[in-house]
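Under my numbering, the letters of the sequence shown match residues 2 to 155, in that order. The C-beta atom is built at its ideal place from N, Cα and C for all residues, glycine as well. Since this is a predicted model, take the numbers as computed values, not measurements. These notes are about the structure you will find just below.
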Amino acid sequence: AGSRIHTLLLLDERSFCAQPTLAVGTSDGCVRLWRAYDQPHSVHLLTAWQASAVPGIVAASSADGCGPAPRDTTVASLAWQPSRALMAAAGGPGVEVNMWDVRAEQLTTRLSLPAGSSCCITSLAADSSTPIILAGGSDGILRALDPRAPPTDC
Numbered sequence: 002a003g004s005r006i007h008t009l010l011l012l013d014e015r016s017f018c019a020q021p022t023l024a025v026g027t028s029d030g031c032v033r034l035w036r037a038y039d040q041p042h043s044v045h046l047l048t049a050w051q052a053s054a055v056p057g058i059v060a061a062s063s064a065d066g067c068g069p070a071p072r073d074t075t076v077a078s079l080a081w082q083p084s085r086a087l088m089a090a091a092g093g094p095g096v097e098v099n100m101w102d103v104r105a106e107q108l109t110t111r112l113s114l115p116a117g118s119s120c121c122i123t124s125l126a127a128d129s130s131t132p133i134i135l136a137g138g139s140d141g142i143l144r145a146l147d148p149r150a151p152p153t154d155c
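Here you go:
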């Protein structure tokens, strides 16, 4: 059967793509961007990637742009930073947020929750004026993640 949709995000920013774009996060760990989703005969897969990728396994290889997930990591939440064309994705059992440069189609940053965090990330939000990503956890705590901060030992 195929993967299930777990999160949707409308990319209303026309500077990235001239047509309406829909981001879809699925149970197989894939994020797909669909262009012209509002025109039934013009829907087009713009790009897709394995958002649950681990270092060294970031390239997608199948015809629809997503290969098999390297581990069980449903994409539970997406956030969009239009000024940077960055998509944040999180989900599954991990405590990481993967930042993807949508134009370059590559992983740019992996943000981790502080050492000792045992929760799953359940929701994300992005501020279009700063690089800060807000991550809500299954433990009820909201955390601000800053990709400009130096990495910490986890």
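Coil, strand or helix - residue i by DSSP
i: G68; result: Here the model assigns G68 a pLDDT of 49, short of 50, so the residue's position is not dependable and the matter cannot be decided.
i: Q40; result: coil
i: I6; result: strand
i: D102; result: strand
i: S113; result: strand
i: C120; result: coil
i: V76; result: coil
i: A90; result: strand
i: I58; result: Its pLDDT being 40, under 50, I58 is placed unreliably by the model, and nothing is read from it.
i: V32; result: strand
C-beta contact flag for residue i and residue j at 9 angstroms
i: L87; j: V32; result: no
i: I133; j: L125; result: no
i: V76; j: G138; result: no
i: W50; j: E97; result: no
i: W81; j: A89; result: yes
6 angstroms CB neighbourhood of residue i in its chain, flanking five on each side removed
i: L47; result: L34 and R36
i: Q20; result: R36 and A37
i: T109; result: M100 and D102
Same chain only: Cβ atoms within 7 angstroms of residue i, ignoring 5 sequence neighbours per side
i: I6; result: V25 and T27
i: R149; result: P132
Other residues of its chain near residue i: CB distance less than 8 angstroms, five sequence neighbours each side excluded
i: V44; result: W35, R36, A37 and Y38
Exposure of residue i, with buried meaning 16 or more beta-carbon neighbours within 10 Å
i: L11; result: exposed
i: G3; result: exposed
i: L9; result: exposed
At least three beta-carbon pairs within less than 8 angstroms, the region 109-123 to the region 141-150: yes
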